[in-house]
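Protein chains in written order, with my numbering: chain A, 242 to 406; chain B, 242 to 406.
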């Protein structure tokens with residue numbers, strides 16, 4: 242289930258490089274209580290993300306990261322190591338699930354699989370890939386599943402006509 | 242299209258208070274360049290979220306916030322003013338789309354509509370609501386659509402048996 246195609250660490254991938262079933266694994270991020278509370282203070286100020294004893298009495302039964310914090314960390318991991326797409330990761334939208342909470346001390350990484358590759362009919366310089374990404378903790382438990390469509394440039398036309406929109 | 246039911250500013254809603262078609266409007270958040278770049282540095286370090294001239298040459302044609310930043314701001318608005326759910330906003334997952342970029346200077350608010358209310362069969366103290374939320378800018382353009390399922394406690398049983406899980 243690991244990626245079978247070797248690639249250079251700095252190589253950036255184009256549409257032609259993706260195929261259904263191709264897999265990617267990101268580096269890791271270690272989450273701690275201070276990060277969970279700082280994100281929550283700014284974006285999701287609810288007791289179960291901010292206060293240990295309130296969290297104990299909540300549905301989470303203990304301090305848990307905001308789902309949007311897990312999503313943001315997942316994005317960081319994808320940008321830095323998970324999905325080396327030429328032109329960057331530009332998502333149009335997708336589906337997200339949080340099957341279990343992310344906790345202080347969790348070491349997260351992202352396992353991605355390409356589900357679909359669709360060249361654009363109207364724009365010959367690009368296409369769309371659908372990627373399913375599981376964010377997992379140190380016990381390989383899945384804390385987030387994200388299936389997202391990403392715009393990817395084509396190698397041949399992107400290099401020939403970089404100013405085309 | 243505005244909410245027709247008056248409610249007390251501090252009132253927290255239970256499952257019994259929701260019905261398909263009920264609408265909610267949040268307060269506003271003004272986004273600036275510094276916020277966009279700070280979020281991007283931490284969670285989505287790509288040139289079009291960090292650097293004005295690189296952003297000009299990108300698909301975004303100008304500095305744009307990370308979609309996850311828009312999602313996080315939406316959550317803040319929902320927690321503080323948009324969706325006054327008893328017990329807080331605990332989402333199990335959903336669908337997210339970003340039909341257009343969020344820019345510096347945008348004043349965002351969230352318009353939500355309840356799509357579905359489903360009492361839990363196995364847990365009589367709670368249920369699930371499906372809410373569709375549009376995050377809009379100051380021109381009422383939609384920058385994010387989020388359809389999410391949220392766990393909501395029932396009033397009668399929640400107040401009678403608060404320790405029930």
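Idealized CB from N, CA, C, for every residue including glycine.
Measure how close the beta-carbons of residue i and residue j come, nearest whole angstrom, since I'm counting them as under 8 Å.
| i | j | result |
| --- | --- | --- |
| residue 267/A | residue 322/A | 5 Å |
| residue 376/B | residue 355/B | Not really, about 17 Å apart at Cβ, beyond 8 Å. |
| residue 254/A | residue 314/A | Actually they are not in contact, since the Cβ atoms of residue 254/A and residue 314/A sit about 22 Å apart, beyond 8 Å. |
| residue 331/A | residue 300/B | 6 Å |
| residue 302/A | residue 290/A | Between residue 290/A and residue 302/A the Cβ distance is about 13 Å, and since that is not below 8 Å, they are no contact. |
On the DSSP bridge assignment, give the partners of residue i in chain order.
| i | result |
| --- | --- |
| residue 358/B | 370/B |
| residue 350/B | 269/B and 377/B |
| residue 390/B | 334/B and 371/B |
| residue 383/B | 377/B |
| residue 264/A | 354/A |
| residue 254/B | 326/B |
Cα separation between residue i and residue j?
| i | j | result |
| --- | --- | --- |
| residue 238/B | residue 270/A | In this structure chain B extends from 242 to 406, so residue 238/B is not present and cannot be described. |
| residue 306/B | residue 353/B | 22 Å |
| residue 252/B | residue 325/B | 7 Å |
| residue 369/A | residue 360/A | 6 Å |
| residue 284/A | residue 385/B | 16 Å |
| residue 308/B | residue 295/A | 30 Å |
| residue 286/A | residue 276/A | 13 Å |
| residue 256/B | residue 262/B | 14 Å |
| residue 264/A | residue 339/B | 25 Å |
| residue 260/A | residue 288/A | 43 Å |
| residue 363/A | residue 396/A | 17 Å |
| residue 388/B | residue 333/A | 15 Å |
| residue 391/A | residue 336/A | 13 Å |
| residue 278/A | residue 367/B | 27 Å |
| residue 341/A | residue 383/A | 7 Å |
| residue 317/A | residue 292/A | 25 Å |
| residue 329/A | residue 343/B | 17 Å |
| residue 380/B | residue 348/B | 9 Å |
| residue 374/B | residue 346/B | 21 Å |
| residue 365/A | residue 274/A | 47 Å |
| residue 311/B | residue 320/A | 17 Å |
| residue 358/A | residue 297/B | 27 Å |
| residue 258/A | residue 258/B | 51 Å |
| residue 371/B | residue 378/A | 28 Å |
Answer with yes or no whether the minimum CB distance from residue i to chain B is below 7 Å.
| i | result |
| --- | --- |
| residue 351/A | no |
| residue 329/A | yes |
| residue 246/A | Low per-residue confidence applies at residue 246/A: pLDDT is 46, beneath 50, and the placement is therefore not dependable enough to give any value. |
| residue 405/A | Its pLDDT being 44, under 50, residue 405/A is placed unreliably in this model, and the coordinates cannot settle the point. |
| residue 313/A | yes |
Using only the heavy atoms of the ligand ATP, determine whether one of them is closer than 6 Å to the beta carbon of residue i.
| i | result |
| --- | --- |
| residue 279/A | Here there are no bound small molecules, and the ligand ATP is not part of this structure. |
Can a CB atom of chain A be found closer than 7 Å to the CB of residue i?
| i | result |
| --- | --- |
| residue 262/B | no |
| residue 291/B | no |
| residue 211/B | Beyond the ends of chain B as shown, which are 242 and 406, falls residue 211/B; an answer cannot be given. |
| residue 337/B | yes |
| residue 286/B | yes |
| residue 344/B | no |
| residue 268/B | no |
| residue 323/B | no |
| residue 317/B | yes |
| residue 320/B | yes |
Checklist entry - Any residues in the region 358-385 of chain B with a beta carbon nearer than 8 Å to a beta carbon of chain A? Which ones, in chain order? => result none
Checklist entry - Listed in chain order, which residues of the region 294-306 of chain A have Cβ atoms closer than 7 Å to some Cβ of chain B? => result Residues passing the 7 Å Cβ filter: 300.
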